[in-house]
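Asks: So the sequences go chain by chain: A and B. Going by the working numbering, the letters in the first sequence line up with residues 1 to 307, in that order. Going by the working numbering, the letters in the second sequence line up with residues 308 to 657, in that order.
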Amino acid sequence: MEALDRVVKPKTKRAKRFLEKREPKLTENTKNAILIKGGNANLTVTETLKDIYALKKPFAVLYKKKNITRPFEDQTSLEFFSKKSDCSLFLFGSHNKKRPNNLIIGRMFDYHVLDMIELGIEKFVSLKDIKNSKCPEGTKPMLIFAGDTFDLNEEYRRLKSLLIDFFRGPTVPTIRLAGLEYVLHFTAMDGKIYMRSYKVLLKKSGCKIPRIELEEMGPSLDLVMRRTHLASEDLYKLSLKQPKALKPKKKKNISHDVFGTSYGRIHMQKQDLSKLQTRKMKGLKKRPAAKMTEEDEGISQKKLKSV
Amino acid sequence: MAALCVEELLARAEQRAAEQHRSVAVEKELELEFDLGNLLALDRNPPPSMPRAAGAQRESRLRSLARDNTQLLVAQLWGLPAGRAEGATGPLVAQLPEPSYRLPREKPLPRPRPPTRWEQFARLKGIRRRKRTSLVWDEAAKQWRRRWGYERAGGDPARDWLIEVPAGADPNEDQFAKRLRDKREKVARNEFNRLRNIARGALPGRGLHPTGHQSRAELGRATQVARVSTASLGRFQPRLPKEPAAPPPRGGKKRHFEPLLGDLAAERSRQLELLRGLGSKKPPLDLTRAVNKQLREEDAQAAAGKGRKRGQRGKRGRQRPGGGKGPAGGKGKKGGARRQQQRPAGRKRS
């Protein structure tokens, strides 16, 4: 228990619960995100941050004030914010002449910056510009990435991992099939990344699987990748490490063959086959030896007599 | 006539079925990769490139691409094992598998904390924690009271209006003050031990105190670790002016042999020591010490290896007269060898 191993022990149960929520665990909490405005953030950037906050609602914090920092030069203030609010994802928006409508999306490992990617917003359509019904807050979105660039290019691969981490939401064991209302679609095409959000309408089709119709709902962004600050390979590998306790335990002594038959193995002790318990057949029961010889004699005598 | 009608009907039915299936079928060059635990689909097909498409055209093409991909993902999700939550009329709910796409953690793996001094001792002896009952019978109040806290069994010691002076104590001493002092000392000692456990838990490389209040031993250990952490494992590290010289290398894989015609005096003293040892009546091996060491090792092994069931073996083993053979014959090479060493020594001397 880390909370009780500190030099200054927590004095109240509430403080102890607070510390226990923030300490490293085997299965972690859902990642929270902080959305920060930079020194000069214009309307586009502010609207984008507000819309993304609406998408990530219970698992995000939107900072209202402007913070004059430059994440690519000095990461200490971002790390300080992350530590204070226990958030491991961040989205920093700023605007200047050289980099207009700038968004820096990043994540932290152990309250230190792991990856940061700078994206420029070329076109933005906000939630309130599209006039139709929206899906409820806190819905888990479906994520789709289209385009081979997301696999071939190293930076795009990290961006894909970052976006999945950002928009994933809590991990759930079951999901209500009728509640799949919302899909985020990212396409990498012609050097740009198109992010679109659609509301999913499930229409009747003849078979069990419904036919999908999409309706444009949410914020749509056209992004272009600018600078990146990616973690080194070994740090990234360290952050990917999962605890051994969570690995699914392999069931021993069970094997499967090509046809799908499963075979099990049982280990037995050495058996004395002469003392095996089999079905009893009275006719085959071994009679005592004396009786046998008497009978033989009796039979032979009878034979003699008859003859 | 009837046959034609039947044929027509069948053909129409088939057509309708094909249409319905077509409505949910999607053609793709490469199959998509799915991670249903994250509701994720990855499409590897190169997107239709539209460099000069206008806004609306591009939007519609993106939307059709999204529709196709979403259709495939939903088809996969509908293929999962599903059940009805909350009885037969509840909503249809699917069981999601574990997410397979590896994402980095937000915090490093939790480190197991090092055992405290008491925990190490308890592990060695095989002492287990006894679960205490939460309520204790209070004879005076004739009811079940909690062990400590509000209205504890045995009364609140701080509220005693009378303390008997114990037999061997000074009659003029203030017992109330003494009780208060003792409690304060106990609390302080407990806190001191807790902090010492935390400090001890920190390894020399890991847990150096930032403001420099280390003990001499800790600093020595830290310098040792620093010295050895070079590429040549500290072999060519120059020593500081007042640092003690390196300890002579102990025999590793290569044994160290003395030169043939070296120090004659040392050789003589060594030979005389040997003769003295052979000639003396006292055995070179202290039997009781050796046996105690062996028993302690056995305690530790029994407690750690065989687990909870053999916890009390340590205590039983101790009570047996010294020199008793352990419960199991083959404990390991060391134990066997030591026992064999003991036996000839005993026999020679008896």
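Every residue, glycine too, gets a C-beta built ideally from N, C-alpha and C.
(1) Would a C-beta distance cut-off of 9 Å place Lys83(A) and Tyr111(A) closer than the cut-off?
(2) Output the distance between the C-alpha atoms of Asp489(B) and Arg466(B), rounded to the nearest integer angstrom.
(3) So, with DSSP's three-state summary, where would you put Leu547(B)?
(4) For Leu547(B) and chain A, any beta-carbon pair shorter than 9 Å?
(5) Taking just the CA atoms, how far does His256(A) sit from Arg226(A)?
(6) Counting Cβ pairs closer than 8 Å, one from the region 58 to 78 of chain A and one from the region 29 to 45 of chain A, do we hit at least three?
(7) Is the beta carbon of Phe72(A) less than 9 Å from the beta carbon of Asp222(A)?
(8) Quick check on Ala178(A) - is its C-beta less than 9 Å from some C-beta in chain B?
(9) Using beta carbons (cut-off 9 Å, strictly below), is Phe80(A) in contact with chain B?
(10) Reducing DSSP to helix, strand and coil, say where Thr595(B) ends up.
(11) What is the DSSP secondary structure of Phe259(A), counted as helix, strand or coil?
(12) Could you spell out where the beta strand (DSSP E) holding Asp489(B) opens and where it closes?
(13) Would Ser239(A) be called buried (16 or more neighbouring beta carbons within 10 Å of its own) or exposed?
(14) Is the CB-CB distance between Ala188(A) and Ala146(A) below 9 Å?
(15) Any beta carbon of chain E sitting closer than 9 Å to that of Trp385(B)?
(16) Under 8 Å between beta-carbons, which chain A residues line up against Asp350(B)? List them in chain order, please.
(17) Leaving out the 5 sequence neighbours to the left and right, which residues in its chain are closer than 8 Å to Arg420(B) when beta-carbon positions are compared?
(18) Can you tell me the Cβ-Cβ gap for Leu380(B) and Ile144(A), rounded? I've got them flagged as a contact below 8 Å.
(19) As a quick exercise: from Asn376(B), Val331(B), Glu405(B), Ala361(B), pick the residue whose alpha carbon is nearest that of Glu338(B).
(20) Using a Cβ cut-off of 7 Å, pull out every chain B residue sitting near Ser232(A), in sequence order please.
(21) I need the DSSP call for Ala524(B), collapsed to helix, strand or coil.
(22) Taking Met189(A) as the query, report the chain B residues whose CB atoms sit under 7 Å from its CB, ordered along the chain.
(23) Out of Thr76(A), Glu233(A), Thr48(A), Gln242(A), state which residue places its alpha-carbon closest to the alpha-carbon of Gly218(A).
(24) Hey, does Asn376(B) have any beta-carbon neighbour from chain A nearer than 9 Å?
(25) The alpha helix (DSSP H) that contains Tyr182(A), what's its start and end?
(26) Could you tell me whether the region 160 to 177 of chain A touches the region 340 to 353 of chain B, where touching means 3 or more Cβ pairs closer than 8 Å?
(27) Would you list the residues sitting across from Cys198(A) in a DSSP beta bridge?
(28) Smallest Cα separation from Thr149(A): which of Ser356(B), Ser330(B), Gln608(B)?
(29) Measuring straight from C-alpha to C-alpha, what distance separates Ile52(A) and Met142(A)?
(30) Tell me where the beta strand (DSSP E) around Ala450(B) begins and ends.
(31) Counting only beta-carbon atoms, is Pro511(B) nearer than 9 Å to chain A?
(32) Inspect the beta-carbon positions of Met173(A) and Leu403(B) and report whether they are closer than 9 Å.
(33) What's the call for Phe18(A), buried or exposed, on a 16-neighbour Cβ count within 10 Å?
(34) Which partner residues does Arg107(A) have in the DSSP bridge list?
(35) Any beta carbon from chain B within less than 9 Å of Met108(A)'s own beta carbon?
(36) Quick check: what's the CA-CA separation for Arg279(A) versus Ile266(A)?
Replies: If we stick to the structure as given:
(1) yes
(2) 16 Å
(3) coil
(4) no
(5) 50 Å
(6) Between the region 58 to 78 of chain A and the region 29 to 45 of chain A, the count of C-beta pairs closer than 8 Å reaches three or more; the two stretches touch.
(7) no
(8) yes
(9) no
(10) helix
(11) coil
(12) Element bounds for Asp489(B): not the beta strand (DSSP E) but the alpha helix (DSSP H), 482 to 508.
(13) Buried is the call here.
(14) In terms of Cβ geometry, Ala188(A) and Ala146(A) form a close pair [threshold 9 Å].
(15) You won't find chain E in this structure, because its protein chains are A and B.
(16) Ile144, Phe145, Ala146, Gly147
(17) The residues Gly508, in chain order, have a CB closer than 8 Å to that of Arg420(B) in the same chain once the five nearest residues on each side in sequence are set aside.
(18) 7 Å
(19) Asn376(B)
(20) In chain order: nothing, as chain B lies at least about 13 Å away.
(21) helix
(22) Annotation: Cβ neighbours of Met189(A) in chain B (cutoff 7 Å, chain order): Pro354, Ser356.
(23) Thr48(A)
(24) Asn376(B) counts as touching chain A.
(25) It is not in any alpha helix (DSSP H) - Tyr182(A) instead sits in the beta strand (DSSP E) that spans 182 to 189.
(26) yes
(27) It should be pointed out that residue 198(A) corresponds to Tyr in this sequence rather than to Cys. Note: Tyr198(A) sits in a beta bridge opposite Val183(A), Glu216(A).
(28) Ser356(B)
(29) 15 Å
(30) It is worth fixing the name first, because residue 450(B) is Gln in this sequence and not Ala. It spans 450 to 453 - the beta strand (DSSP E) in which Gln450(B) sits, taken as one unbroken run.
(31) With a pLDDT of only 49 at Pro511(B), under 50, the local geometry of the prediction cannot be trusted, and no value is derived from it.
(32) The residue you asked about is not Met; residue 173(A) is Pro in the sequence shown. Contact flag set, yes.
(33) exposed
(34) Leu89(A), Asp115(A)
(35) yes
(36) Rounded to the nearest whole angstrom, the C-alpha separation of Arg279(A) and Ile266(A) is 23 Å.
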